[in-house]
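Presented below is the structure to which this report refers.
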Amino acid sequence: MDHATATNAAAGLTELSAANDAFEVAGRSFGSRLILGTGGATSLSTLEQALAVSGTELTTVSIRHYSSGGSASVYELLQRHGIAALPNTAGCFTARDAILTAHLAREALETNWVKLEVIADEHTLLPDPLELFAAAEQLVADGFEVFAYTNDDPALASRLQDAGVAAVMPAGAPIGSGLGILNPHNIAAIVSRATVPVILDAGVGTASDAAKAMELGCDAVLLASAVTRAHNAPLMAAAMRDAVRAGRAARLAGRIPVRDTALASSPGEGMMQALIGDFS
Amino acid sequence: MTIDITLNSTPATIADGSTLRELIAAHLGRELDERGQAADGAKLGLAAAVNGAVVPRSAWSTRELAAGNTVELVTAAQGG
């Protein structure tokens, strides 16, 4: 949604709510625009608290070997809270591995939603564009709703949406880096030509980064480490919840243009004569 | 008679003629019905692959395992 359209859509609104500003993606509707991933938490109880405080209705999980340790599972936690699971293909370096992981996730979690991650190398964890695109095409053909974790490249994002993905998820910065949004112009460019929801994914370090993503026009924000690795995860979850709401409201409200010079907000008329030296 | 397989990267020995359902039920310590669902009705949140190919739960009870098979049993874990 471009800026003018967003502002027009918000005309008359004085407060945003789940009822007047639902996040719609892949045929489903969510009251929260914060997708809090489950990765990085030190304990399941901390994660549970953070998820509850965040108000998130959709979360990411990875697909890993089942271990018969009998410990409480993430799967049970999500079921208990009624939070939808978006399985990811984290750890996959090739389209082939990502496609297999997606099919396993569909079978395990009974969902055709997948956050497609195909990583180029362990150092940057940035997407491999060629493998990502190949996997996206195949998974769309296999009936998946593909949430494509992509580089902040407007051209690649366009190609992915043309291939039929449900959402594009540009990285603000490398996963877990907390560097925020390194190229806001690219994120804005992706938003301006988007035909599917844009979800800022990766790189968020603190609340202002999440607000910034929403101000740039992203439809939602996905973050995990920024909350789960914060000193106080539930409190950071609250901060992110509020930041996403604030950024969204600011986007729809229509910000003032940026100016090179000052523009007084107090009126120039009616100034006291003693101040302007006009005693004639 | 027994056969050797690999289950989640660990060597395992099972009875010859075992089905995937029997292996998974033993691994979970839970009873599974013909459709690969928990007998108590709870969702398992599991998927299985044999030699890199997904085996749908509905086929677990008919899929016999062979010596040298690599079985992967996966579920949701933490992830961003």
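Protein chains in written order, with the UniProt record's numbering: chain V, 1 to 280; chain S, 1 to 80. Glycine residues also receive a C-beta, built at the ideal position from the N, C-alpha and C atoms.
First and last residue of the uninterrupted beta strand (DSSP E) at residue i
i, result
"residue 169 (chain V)", "167-170"
"residue 147 (chain S)", "Residue 147 (chain S) cannot be examined here, being either before or after the span of chain S that is shown, 1 to 80."
"residue 149 (chain V)", "145-150"
"residue 24 (chain V)", "23-25"
"residue 29 (chain V)", "28-30"
"residue 63 (chain V)", "58-65"
Residue of the options minimising C-alpha distance to residue i
i, options, result
"residue 54 (chain V)", "V:269, V:242, V:248 and V:273", "V:242"
"residue 41 (chain V)", "V:32, V:23 and V:61", "V:61"
"residue 213 (chain V)", "V:234, V:231, V:160 and V:252", "V:252"
"residue 222 (chain V)", "V:175, V:17 and V:43", "V:175"
"residue 9 (chain S)", "S:80, S:76, S:69 and S:79", "S:69"
"residue 47 (chain S)", "S:79, S:17 and S:24", "S:24"
"residue 138 (chain V)", "V:152, V:164 and V:125", "V:164"
"residue 156 (chain V)", "V:128, V:140 and V:182", "V:128"
Proximity of residue i and residue j at Cβ, strictly below 8 Å
i, j, result
"residue 199 (chain V)", "residue 219 (chain V)", "yes"
"residue 98 (chain V)", "residue 111 (chain V)", "no"
"residue 81 (chain S)", "residue 63 (chain S)", "Lying outside 1 to 80, the shown extent of chain S, residue 81 (chain S) is not represented and no answer is given."
"residue 172 (chain V)", "residue 209 (chain V)", "yes"
"residue 116 (chain V)", "residue 149 (chain V)", "yes"
"residue 191 (chain V)", "residue 216 (chain V)", "yes"
"residue 236 (chain V)", "residue 224 (chain V)", "no"
"residue 77 (chain V)", "residue 85 (chain V)", "no"
"residue 238 (chain V)", "residue 211 (chain V)", "no"
"residue 41 (chain S)", "residue 39 (chain V)", "no"
"residue 39 (chain S)", "residue 28 (chain S)", "no"
"residue 22 (chain V)", "residue 12 (chain V)", "no"
"residue 36 (chain S)", "residue 21 (chain S)", "yes"
Neighbour flag for residue i against chain V, beta carbons, 8 Å
i, result
"residue 78 (chain S)", "yes"
"residue 51 (chain S)", "no"
"residue 41 (chain S)", "no"
"residue 54 (chain S)", "yes"
"residue 57 (chain S)", "yes"
"residue 46 (chain S)", "yes"
"residue 69 (chain S)", "no"
Cβ of residue i within 8 Å of any chain S Cβ
i, result
"residue 248 (chain V)", "no"
"residue 123 (chain V)", "no"
"residue 53 (chain V)", "no"
"residue 107 (chain V)", "yes"
"residue 119 (chain V)", "no"
"residue 81 (chain V)", "no"
Span of the alpha helix (DSSP H), counted from its first residue to its last, around residue i
i, result
"residue 133 (chain V)", "129-141"
"residue 43 (chain S)", "Careful: residue 43 (chain S) lies outside any alpha helix (DSSP H) and carries neither H nor E."
Open item on the list: What ranges does the beta strand (DSSP E) occupy inside the segment 221-274 of chain V, keeping only unbroken runs of at least 3 residues that lie completely in it?
Closed with: Within the segment 221-274 of chain V, no run of beta strand (DSSP E) at least 3 residues long lies entirely inside it.
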